[in-house]
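See below for the structure under consideration.
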Amino acid sequence: MTDCTHLSDRMPDVALGRSRWTAAEERHLAVCADCRAEWTIVSAARRLGSALPAPGDPAVTAARVLGRIADERTRGRTRARVWMAAGLAAAAALAVIVGSRQTSGSGPAAGSTPDVPVATAPAPSGPAPVVAAPAVRGPVASGPPSAASTELPLPELDGLSAEALDSILRVLDEPLAKVDPYDNPTDQAGDHELERALAGLEG
Amino acid sequence: MSARTTPDPPTDATLAAAYRRGDERSATELVRRHAAAVGRFLYSSGAAASDVDDLVQETFFRAFRGLDGWRAEASFRSWLFTIGGNLLRDEFRKRKGRRMLSLEDRDLPDHADPHADLAAAEAEQRVREGLARLPRLQREVFLLRVQEGSAYEDIAAALGTTPGAARVHYHHAVKRLKELVR
Numbered sequence: 001m002t003d004c005t006h007l008s009d010r011m012p013d014v015a016l017g018r019s020r021w022t023a024a025e026e027r028h029l030a031v032c033a034d035c036r037a038e039w040t041i042v043s044a045a046r047r048l049g050s051a052l053p054a055p056g057d058p059a060v061t062a063a064r065v066l067g068r069i070a071d072e073r074t075r076g077r078t079r080a081r082v083w084m085a086a087g088l089a090a091a092a093a094l095a096v097i098v099g100s101r102q103t104s105g106s107g108p109a110a111g112s113t114p115d116v117p118v119a120t121a122p123a124p125s126g127p128a129p130v131v132a133a134p135a136v137r138g139p140v141a142s143g144p145p146s147a148a149s150t151e152l153p154l155p156e157l158d159g160l161s162a163e164a165l166d167s168i169l170r171v172l173d174e175p176l177a178k179v180d181p182y183d184n185p186t187d188q189a190g191d192h193e194l195e196r197a198l199a200g201l202e203g
Numbered sequence: 001m002s003a004r005t006t007p008d009p010p011t012d013a014t015l016a017a018a019y020r021r022g023d024e025r026s027a028t029e030l031v032r033r034h035a036a037a038v039g040r041f042l043y044s045s046g047a048a049a050s051d052v053d054d055l056v057q058e059t060f061f062r063a064f065r066g067l068d069g070w071r072a073e074a075s076f077r078s079w080l081f082t083i084g085g086n087l088l089r090d091e092f093r094k095r096k097g098r099r100m101l102s103l104e105d106r107d108l109p110d111h112a113d114p115h116a117d118l119a120a121a122e123a124e125q126r127v128r129e130g131l132a133r134l135p136r137l138q139r140e141v142f143l144l145r146v147q148e149g150s151a152y153e154d155i156a157a158a159l160g161t162t163p164g165a166a167r168v169h170y171h172h173a174v175k176r177l178k179e180l181v182r
């Protein structure tokens, strides 16, 4: 049987050189204009691109491709590290903000006292322990003790007597031990004591 | 006297598996086997001759990067052709619909039989222009069939369709090309 459908199905194989036309198929082609037109198209399509320059050295092409993939993976890992670092930094910043908010409402001493109270430390005699207390308490009350706050230089305190120092430390330690971030520190007995001291100073 | 047998060359699937395990020579072998066919497919699909090398490289880049997507239901080459087809579509969109086909990109005849070769070159050019106007699926089915001799089952697996539908696409492509090339 030689008909147009049969010939159409055979055309790719013949165009690719995998098969040859039989005599009957050649006779059909000679008389069927439609099949000849299709054969012209199929054989032309088969040849398309055959005059293109041969592809370059496959090793070079493969090396370029694999190099790009390696670069992409490296960039991906770097991006992942950057995002991780950014995430950690954001988390740390958030923790600092939350921490400072929780302690920022911890009493008038926190908001009104300077960060470095040492400069206003009192004279080492008389009512010194009481006067020194509000000034020194500032940083202690404004957050948990940290390496920075415990390492602050306090040269003025060096000149105080043992008694005066004990007095200051008692005032400092007492409210610190009671600090609860969810409580209002202004209700604490230590703060009242400090407020009284401040009122006394202000006359 | 013992007969010396040549070991069968590794299949594409074997090479792909070796590449996945880190053997870069397997990637080179896959490029060696398929680069020319991919280039011809891209050119036949409308890529400018001057772009073919870059597009071949990009096709292999996408292929090796997404090698896990090849499930060996279709041949590796057919799968590469579908990647190349996607790439061309992306390029076509990037160029905002301008055709990539260049009039200078015609296969030049050699000088054995100048008249016959010129006629053949003109036929090729008309077919190429006609192919560029076909719907993508018709074009790819036609080229896989005519340039690779792929069976409809393989074409269907590569293009995500059925063998019957692939056959219909092929015949639609031929019919349309006859009208366009006439």
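So the sequence lines, in the order shown, correspond to chains A and B. Reading the first sequence from the start, the letters are residues 1 to 203 in this note's numbering. Reading the second sequence from the start, the letters are residues 1 to 182 in this note's numbering. We put the beta carbon where it would ideally sit given N, CA and C, even for glycine.
Is the shortest distance between the beta-carbon of A33 of chain A and the beta-carbons of chain B less than 8 Å? Position 33 of the first sequence, counting from 1, holds the residue named residue 33 of chain A. No, its Cβ sits nowhere closer than 8 Å to a Cβ of chain B.
P12 of chain A, enclosing alpha helix (DSSP H) - first and last residue: As a first step, residue 12 of chain A is located in the first sequence; it is residue number 12 there, counting from the start. That run of the alpha helix (DSSP H) goes C4 to A15.
Euclidean distance between Cα positions of V96 of chain A and A162 of chain A: Here residue 96 of chain A refers to the residue found at position 96 of the first sequence. Here residue 162 of chain A refers to the residue found at position 162 of the first sequence. V96 of chain A and A162 of chain A: Cα-Cα distance of roughly 36 Å.
Where do the ends of the alpha helix (DSSP H) carrying R35 of chain A lie? Stepping through the first sequence from its first residue, residue 35 of chain A is reached at position 35. One point to set straight first is that residue 35 of chain A is Cys, not Arg, in the sequence displayed. Element bounds for C35 of chain A: A33 to R47.
Cβ-based burial, S73 of chain A [other Cβ within 10 Å; buried from 16]: Taking the first sequence and counting its residues from 1, the one referred to as residue 73 of chain A is at position 73. With the sequence shown as reference, residue 73 of chain A is identified as Arg, and Ser is not the correct amino acid for it. Residue environment for R73 of chain A: exposed (fewer than 16 other C-beta atoms within 10 angstroms of its C-beta).
May I ask which residues mark the beginning and end of the alpha helix (DSSP H) holding W79 of chain B? Within the second sequence, numbered from 1, the residue matching residue 79 of chain B stands at position 79. Unbroken alpha helix (DSSP H) run through W79 of chain B: F76 to K94.
Local conformation of S44 of chain B per DSSP, three classes: Along the second sequence, one-based indexing puts residue 44 of chain B at 44. Helix at S44 of chain B.
Using a Cβ-Cβ distance cut-off of 8 Å, determine whether E25 of chain A contacts chain B. Position 25 of the first sequence, counted from the first residue, corresponds to residue 25 of chain A. Chain B contact via Cβ: absent.
Quick check: A45 of chain A and V146 of chain B, are their CB atoms within less than 8 Å of each other? The sequence position of residue 45 of chain A within the first sequence is 45, counting from 1. The sequence position of residue 146 of chain B within the second sequence is 146, counting from 1. Their beta carbons are under 8 Å apart, which means A45 of chain A touches V146 of chain B by this criterion.
Under 9 Å Cβ-Cβ, which residues of chain A neighbour L143 of chain B? If you number the second sequence from 1, residue 143 of chain B lands on position 143. By Cβ distance, chain A contributes A45 and L48.
Determine, using beta-carbon pairs with one atom in the stretch 42-59 of chain A and one in the stretch 30-39 of chain B, whether at least three such pairs fall under 8 Å. Counting C-beta pairs closer than 8 Å gives three or more between the stretch 42-59 of chain A and the stretch 30-39 of chain B, which meets the contact rule.
Kindly list, in the order they appear in chain B, the residues whose Cβ is closer than 8 Å to that of V42 of chain A. Here residue 42 of chain A is taken as the residue at index 42 of the first sequence, counted from 1. Result: V146 and V174.
For a cutoff of 8 Å on Cβ pairs, would you count A90 of chain A as touching chain B? As a first step, residue 90 of chain A is located in the first sequence; it is residue number 90 there, counting from the start. So, not an interface residue.
Could you tell me whether the Cβ atoms of S78 of chain B and S26 of chain B are closer together than 8 Å? Residue mapping note: residue 78 of chain B aligns to position 78 of the second sequence, counting from 1. Residue mapping note: residue 26 of chain B aligns to position 26 of the second sequence, counting from 1. Against a cut-off of 8 Å, the Cβ pair of S26 of chain B and S78 of chain B comes out as no contact.
Using 10 angstroms around the beta-carbon of C35 of chain A, count the other beta-carbons present and answer buried if the total reaches 16, otherwise exposed. Here residue 35 of chain A refers to the residue found at position 35 of the first sequence. So C35 of chain A ends up on the buried side.
How big is the Cα-Cα spacing for W39 of chain A and R62 of chain B? Within the first sequence, the letter at position 39 stands for residue 39 of chain A. Within the second sequence, the letter at position 62 stands for residue 62 of chain B. The straight-line gap from Cα to Cα measures roughly 35 Å.
Suppose contacts are defined by Cβ-Cβ distances below 8 Å. Is V52 of chain B in contact with G84 of chain B by that definition? Here residue 52 of chain B refers to the residue found at position 52 when the second sequence is read from its first residue. Here residue 84 of chain B refers to the residue found at position 84 when the second sequence is read from its first residue. No, they are not a contact pair.
Within the 8 Å Cβ cut-off, does D3 of chain A reach chain B? Position 3 of the first sequence, counting from 1, holds the residue named residue 3 of chain A. No, D3 of chain A lies away from the interface with chain B (no Cβ there is under 8 Å from its Cβ).
Could you check whether the Cβ of S161 of chain A sits closer than 7 Å to any heavy atom belonging to the ligand ATP? In the structure shown, the ligand ATP is absent, as is every other ligand, since no ligand is present at all.
What's the gap between the Cα of A36 of chain B and the Cα of A90 of chain A? As a working mapping, residue 36 of chain B is identified with position 36 in the second sequence. As a working mapping, residue 90 of chain A is identified with position 90 in the first sequence. Between the alpha carbons of A36 of chain B and A90 of chain A lies a gap of roughly 51 Å.
For the stretch 22-37 of chain B, which residues have a beta carbon sitting closer than 7 Å to at least one beta carbon of chain A? Under the 7 Å Cβ criterion, the stretch 22-37 of chain B contributes E24, A27, T28, V31, R32, A35 and A36.
Reducing DSSP to helix, strand and coil, say where E72 of chain B ends up. Numbered from 1 along the second sequence, position 72 holds the residue referred to as residue 72 of chain B. It should be pointed out that residue 72 of chain B corresponds to Ala in this sequence rather than to Glu. In the structure shown, A72 of chain B sits in coil (DSSP, three-state: anything other than H, G, I, E or B).
Please classify V98 of chain A as buried or exposed, where buried requires at least 16 neighbouring CB atoms within 10 angstroms. If you number the first sequence from 1, residue 98 of chain A lands on position 98. With fewer than 16 other Cβ atoms within 10 Å, it is exposed.
Which first and last residues belong to the alpha helix (DSSP H) in which D53 of chain B is found? The residue you call residue 53 of chain B lines up with position 53 of the second sequence. Here the alpha helix (DSSP H) through D53 of chain B covers V52 to R65.
How is D57 of chain A classed by DSSP in three states: helix, strand or coil? In the first sequence, the residue the question calls residue 57 of chain A occupies position 57. Here D57 of chain A sits in coil by DSSP.
Reduced DSSP category for A109 of chain A - H, G, I as helix; E, B as strand; rest coil: Taking the first residue of the first sequence as position 1, residue 109 of chain A is located at position 109. Its pLDDT being 45, under 50, A109 of chain A is placed unreliably by the model, and nothing is read from it.
Classify E179 of chain B as buried or exposed, calling it buried when 16 or more other Cβ atoms lie within 10 Å of its own Cβ. As a first step, residue 179 of chain B is located in the second sequence; it is residue number 179 there, counting from the start. Burial call: exposed.
Between the CA atoms of A63 of chain A and E58 of chain B - distance to the nearest angstrom: Here the question's residue 58 of chain B lines up with position 58 in the second sequence. Here the question's residue 63 of chain A lines up with position 63 in the first sequence. Their backbone Cα atoms lie some 13 Å apart in a straight line.
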